[in-house]
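**Student:**
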Amino acid sequence: MTDPDNPLRRDFLRGAGAAGFALAVQPVLAQQVISTPDAGLRTGVSTVAAMDGQTLPLFYARPDRSGQPPVVLVVSEIFGVHEHVRDICRRFAHAGYLAVAPELFFRQGDPSAMDNVQQILERVIARVPDAQVMADLDRCVDWAQGEGGDVARLHVTGYCWGGRITWLYAAHRPSLRSGVAWYGRLRGNASTLTPTHPMNLTEQLQAPVLGLYGGQDAGIPNADVEAMNAALAASASPAARASHIVLYPDAQHAFHADYRPSYRAADAADAWRRCLEWMNSRGGA
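The numbering of the sequence shown is full-length UniProt numbering, which starts it at 1 and goes up by one.
1) Assuming Tyr97 and Val72 are in contact, meaning their beta carbons sit under 8 Å apart, how far apart are those beta carbons, in whole angstroms?
2) Report the rounded CA-to-CA distance for Ala99 versus Ala171, giving the unit in angstroms.
3) If we ignore side chains and look at the alpha-carbon of each, how far apart do Pro111 and Tyr259 end up?
4) Excluding sequence positions up to five away, which residues of its chain have a Cβ less than 6 Å from the Cβ of Arg91?
5) So what's Phe105 in DSSP terms, helix, strand or just coil?
6) Hey, would you say the C-beta of Val45 is under 6 Å away from at least one heavy atom of the ligand GTP?
7) Going by beta-carbon coordinates alone, are His95 and Leu276 separated by less than 7 Å?
8) Suppose the cutoff is 6 Å on Cβ atoms and the five residues either side in sequence are ignored; what does the same chain contact list for Ile125 look like?
9) Mind checking Arg62: buried by the 16 CB within 10 Å criterion, or exposed?
10) Just tell me which of Gly67, Gln54, Trp167 has its CA closest to the CA of Asp150.
11) Could you check whether Phe59 and Val48 sit closer than 7 Å to each other, using their CB atoms as the reference points?
12) Give me the residue from Gln145, Leu201, Arg153 with the minimum Cα distance to Thr166.
13) Closest to Ser243 by C-alpha separation, out of Asn116, Pro198, Asp136, would be which residue?
14) Based on the DSSP output, what are the partners of residue 287 in its beta bridges?
15) List in chain order: all unbroken beta strand (DSSP E) runs of 3+ residues lying wholly within the segment 128-168.
16) Once the 5 residues before and after Gln252 are set aside, which same chain residues still bring their CB inside 7 Å of it?
17) For Leu247 and Ala135, I'd like the C-alpha separation in whole angstroms.
18) Going straight from the alpha carbon of Gly188 to that of Arg164, what length do you get?
19) Please return the same chain residues whose Cβ sits closer than 6 Å to the Cβ of Gln145, not counting the five positions on each side in sequence.
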């Protein structure tokens, strides 16, 4: 389904490079940015037909060998599928996965073209319906299956905005094997586009979720994490009872984002290890 002459694809390729590091998260800490090589991998950009007839762009990375790798959906922060997200996909591919990162904001706008977080939140994020995201992720699963991925071993992970989406997708997709939510919001006000939030979905979880959160996260109080862990443990859902959140006491929000000042190398490395172990123990590579 890759189409090099598709203008949407060309625009996505431009935005997914270095320019995709939104100005809102400057300064980029160049001395810390991890760059994962693509040797031994197949990487690229493709598109899939969304359920509303739109053309959804995506980035993928997979091992360059025969076989059916397990699939992991990688859901970005509010800044879209920039180079850091692509690098995460390459890390998963080196671990044996077909990693798929869809550009879920393409209908609403390009975050890389905006110069502050408030613009992104108001012009893009506030206009993205949860139901649309769930449908787009489902179509990415279809794409992965068509590309030889083993969707019977399906996982999802996401960061910040994508962390919240990870919890939602774990309640949406019955065939999901696991989720890993990185510092995703747990509470929120219900609206037409975002009718529910993770704290209200513990009984609906279809797959166990590992949460990776920072104890110094100004936007996600420790009390929310404690309440979520308690709700998971008390749930009637087996998937919820198998879920839990790991709290890194000294970490801020986005502690895994190696291009941001919030990055904490030791916590990020430990969390990445936990992420892979969680997925691998549940039908991963």
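Note that CB positions come from ideal geometry on N, CA and C, so glycine has one too.
The structure presented is a predicted model; accordingly, all values stated were derived computationally and were not measured.
**Tutor:** Per the coordinate set shown:
1) Taking the first residue of the sequence shown as position 1, residue 97 is located at position 97. Taking the first residue of the sequence shown as position 1, residue 72 is located at position 72. Indeed they touch by this definition, with Cβ atoms about 5 Å apart.
2) The residue labelled residue 99 in the question sits at position 99 within the sequence shown. The residue labelled residue 171 in the question sits at position 171 within the sequence shown. Cα-Cα distance, rounded: 20 Å.
3) The count along the sequence shown starts at 1 and reaches residue 111 at position 111. The count along the sequence shown starts at 1 and reaches residue 259 at position 259. So the alpha carbons of these two residues sit roughly 17 Å apart.
4) Translated into the one-based positions of the sequence shown, residue 91 becomes position 91. Hits under 6 Å: Thr36.
5) Translated into the one-based positions of the sequence shown, residue 105 becomes position 105. The answer is coil: DSSP assigns Phe105 none of H, G, I, E or B.
6) The model on display carries no ligand, and the ligand GTP is accordingly not part of it.
7) Here residue 95 refers to the residue found at position 95 of the sequence shown. Here residue 276 refers to the residue found at position 276 of the sequence shown. It should be pointed out that residue 95 corresponds to Ala in this sequence rather than to His. Taking 7 Å as the Cβ cut-off, Ala95 and Leu276 qualify as a contacting pair.
8) Here the question's residue 125 lines up with position 125 in the sequence shown. Taking Ile125 as the centre and dropping the five residues before and after it, the same chain places the C-beta of Ile78 closer than 6 Å to its C-beta, in chain order.
9) As a working note, residue 62 is residue 62 in the sequence shown. Arg62 should be labelled buried.
10) The residue labelled residue 150 in the question sits at position 150 within the sequence shown. When only C-alpha atoms are compared, the closest one is Gly67.
11) In the sequence shown, residue 48 corresponds to position 48, counting from 1. In the sequence shown, residue 59 corresponds to position 59, counting from 1. Not closer than 7 Å, so no.
12) Here residue 166 corresponds to residue number 166 of the sequence shown, with the count starting at 1. It is Leu201 whose Cα lies nearest to the Cα of Thr166.
13) By one-based count along the sequence shown, residue 243 stands at place 243. The shortest Cα separation from Ser243 among Asn116, Pro198, Asp136 belongs to Pro198.
14) There is no way to answer for residue 287, as the model of the chain reaches only from 1 to 285.
15) If you keep only unbroken beta strand (DSSP E) runs of at least 3 residues inside the segment 128-168, you get 150-159.
16) If you number the sequence shown from 1, residue 252 lands on position 252. Beyond the five residues adjoining it in sequence on each side, Gln252 comes within less than 7 Å, by CB distance, of Gly214, Gln216, Asp217, Ser262 in the same chain, given in chain order.
17) As a first step, residue 247 is located in the sequence shown; it is residue number 247 there, counting from the start. As a first step, residue 135 is located in the sequence shown; it is residue number 135 there, counting from the start. When rounded, the distance between both Cα atoms is 30 Å.
18) Within the sequence shown, the letter at position 188 stands for residue 188. Within the sequence shown, the letter at position 164 stands for residue 164. Roughly 10 Å separates the two Cα atoms.
19) Sequence index remark: in the sequence shown, residue 145 carries index 145 (1-based). Contacts found: Val151.
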